[in-house]
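In order, the protein sequences belong to chains A and B. Going by our numbering, the first residue of the first sequence is number 1262, and it counts up by one from there. Going by our numbering, the first residue of the second sequence is number -4, and it counts up by one from there. Here's the structure we're looking at; comments come further down.
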Amino acid sequence: MKHTNFLLPALFAAIALCCSRPAAAQALPNAYFNVDWQIGIPSNGFADDASGWGANLEGGYFLTDAVTIGAFLNYQTNFERFGRQTLTLPSGNALTASQKHAVFQLPFGVSARYNWLKQSIFQPYAGLKLGASWAQFSSYYSVYKQSTDNWGFYLSPEVGVSIFPRRDLRYGFHAAFYYSYATNSGDLLSYSVDHLSNFGFRFGVSF
Amino acid sequence: MKIKQILCTVALASLCCYGCQKDPSTSSLRNEYLVYTAHDAEARFAQIDTYYIPDKILLIGSHTVDAEGNKVPKYWSDADAQELIGTVVAEMDARGYTRLTDEEARETADAGLQLSYVEQATYFVGYNNPYWWSYYPYYWAPGYWGPWTGWYYPYAVYYGYTTGSLLVEMVDLNGGTENGRKLPVIWNCYITGLLRGSNTLDIDEAADGLRQAFAQSPYLKK
């Protein structure tokens, strides 16, 4: 079922490309759009396994040849399995079970980039995303699920490159490396998370 | 026109995102047992000297009907049941408690232990409705332990009790029945994930679960 990791980003890309005119030099003058598959590697102590269950959508406007501002929305789910262990719960009761933990992150907000080499095939950039992040922490054990969710502040620096094989046509590919930090915190069972940090990669299309 | 196309794209993408949360596969978790124990933090377990435990396990979800059409509770008392009861007895004895076996002792012991196995039914026990078995015909009635008017949990109970679950409850028989006092359940244990193959209870796993229940309840000792 791993191939379904690619399904949603591919769907986004298909929708986006269908909604634009194939012969146009770019979808919107002085604008860019990215639709990416996202691989996230978290470090939060709750669900730290790397996962490709993520996607990123971003669009922006070229204020100058080098500077863009825009908006983004992405999501990511990460899991981690915990073998049988005994937890002393805040109530003083105890639970022994094997678990699977999941963290779902849904940040969105504004983004800014500084771009280089806009006329070349490879156009690198450095960017920063700021916004809000909704996160849900879940524990699955036996036939049960417990979860908690909350909002936090989101900050994510990023470096990447847009690749346009044809210089006269702004349809191409996108690759990026990012780090993110969010202030989401939560307590679940005997676990406590005080922030979410991730690094990861994005691969997709750019137009 | 292009702006409309872009907005359309963003709207569709957002709708796609709405349902994009991935749930993990939990099939492997269903085959591993879970042990949950809860207790009354005010209970004085060290002051318990004697206990009584019936030599049978109540089967929840199964009953027979007598000649007059009344529902009659069904109990499980074969060798497998005795192994599970024996496991509880061994754990209690190891913690310094003394088992009383005379039938009359169930009203005079300091504590009573009742075992139940959810054979067929699925019930939910929530914080606001922890008394589901008062609606279940012939669940371990408070009257089994003496002239109690009812019983209660001094703590919150959260868990859904599903088919294949084993329940152990300890009731405090020391408080006296005067003034309509209810019988308190001072410790309970819920074990699930014990079914194997064609819904057969794994006795060895159940016994392991019972031992784990006592291991994670260190306050149960003289």
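We put the CB at the ideal spot given by N, CA and C, even for glycine.
Query                                                                                                                                                                       : Result
Could you say which of A1316/A, L1457/A, Y1293/A, T1347/A lies nearest to A1396/A if we only look at CA atoms?                                                              : L1457/A
If you measure beta-carbon to beta-carbon, which residues of the stretch 1417 to 1444 of chain A are closer than 8 Å to chain B?                                            : none
Does the stretch 1368 to 1382 of chain A come close enough to the stretch 50 to 61 of chain B that 3 or more CB-CB pairs lie under 8 Å?                                     : no
Whole angstroms are fine: how far does the CA of V1364/A sit from the CA of K177/B?                                                                                         : 43 Å
Of all Cβ atoms in chain B, is any one closer than 9 Å to the Cβ of P1283/A?                                                                                                : In this prediction, P1283/A scores a pLDDT of 45, lower than 50, which makes its location untrustworthy; the coordinate-derived value is nonetheless stated afterwards. Output row for P1283/A: interface = no.
Our contact map puts C15/B next to Y1336/A with C-beta atoms below 8 Å; I'd like the distance itself, whole angstroms only.                                                 : 5 Å
Counting beta carbon pairs with one atom in the stretch 1323 to 1330 of chain A and one in the stretch 1340 to 1357 of chain A, are three or more of them shorter than 8 Å? : no
Start and end of the alpha helix (DSSP H) containing L79/B?                                                                                                                 : 74 to 89
Please report the straight-line C-alpha distance between N1411/A and E200/B, rounded to a whole angstrom.                                                                   : 38 Å
Please tell me whether L215/B and R90/B are closer than 9 Å, where the distance is taken between their beta carbons.                                                        : yes
For chain A, is any of its Cβ atoms less than 9 Å away from the one on Y150/B?                                                                                              : yes
Should N1305/A be flagged as near chain B, meaning a C-beta pair shorter than 9 Å?                                                                                          : no
Which word fits D1448/A, buried or exposed, when buried means at least 16 other C-beta atoms lie within 10 angstroms of its C-beta?                                         : exposed
What is the DSSP secondary structure of R1282/A, counted as helix, strand or coil?                                                                                          : Bear in mind that the predicted position of R1282/A carries a pLDDT of just 46, short of 50, making it unreliable; the figure below should be weighed with that in mind. R1282/A falls in the coil class under three-state DSSP.
Since L1318/A and L1334/A should fall inside the 8 Å C-beta cutoff, what is the C-beta to C-beta distance between them, to a whole number of angstroms?                     : 5 Å
Give a yes or no on whether 9 Å exceeds the smallest Cβ distance from N1295/A to chain B.                                                                                   : no
Work out the CA separation of G138/B and R94/B for me, nearest whole Å.                                                                                                     : 20 Å
Tell me which residues of the stretch 1352 to 1379 of chain A have at least one Cβ-Cβ distance to chain B shorter than 8 Å, keeping chain order.                            : S1352, G1353, N1354, A1355, L1356, T1357, A1358, S1359, Q1360, K1361, A1363, F1365, L1367
Are any of the Cβ atoms in chain A nearer than 9 Å to that of H34/B?                                                                                                        : yes
What do you reckon, are the CB atoms on V1422/A and A1443/A nearer than 9 Å?                                                                                                : no
Where do the ends of the beta strand (DSSP E) carrying F209/B lie?                                                                                                          : Looking at the DSSP string, F209/B is not in any beta strand (DSSP E); the run it does join, the alpha helix (DSSP H), is 198 to 210.
Are the beta-carbon atoms of L162/B and N183/B separated by less than 9 Å?                                                                                                  : yes
Are any of the Cβ atoms in chain A nearer than 9 Å to that of G56/B?                                                                                                        : no
Can you look up S1304/A in the DSSP assignment and give me helix, strand or coil?                                                                                           : coil
Answer with yes or no whether the minimum CB distance from E27/B to chain D is below 9 Å.                                                                                   : This model lacks chain D altogether; the protein chains it does include are A and B.
Closer than 7 Å by C-beta to Y1402/A: which residues in its own chain qualify, once you throw out the five before and the five after it? Chain order, please.               : A1358, S1359, Q1360
How would you call I226/B, buried or exposed, if buried means at least 16 neighbouring beta carbons within 10 angstroms?                                                    : The question about residue 226/B has no answer here: the residues shown for chain B are numbered -4 through 217.
Using the three-state DSSP reduction, which class does A1387/A fall into: helix, strand or coil?                                                                            : strand
Taking the alpha-carbon of V180/B as reference, which of V152/B, T187/B, G204/B, A202/B has the nearest alpha-carbon?                                                       : V152/B
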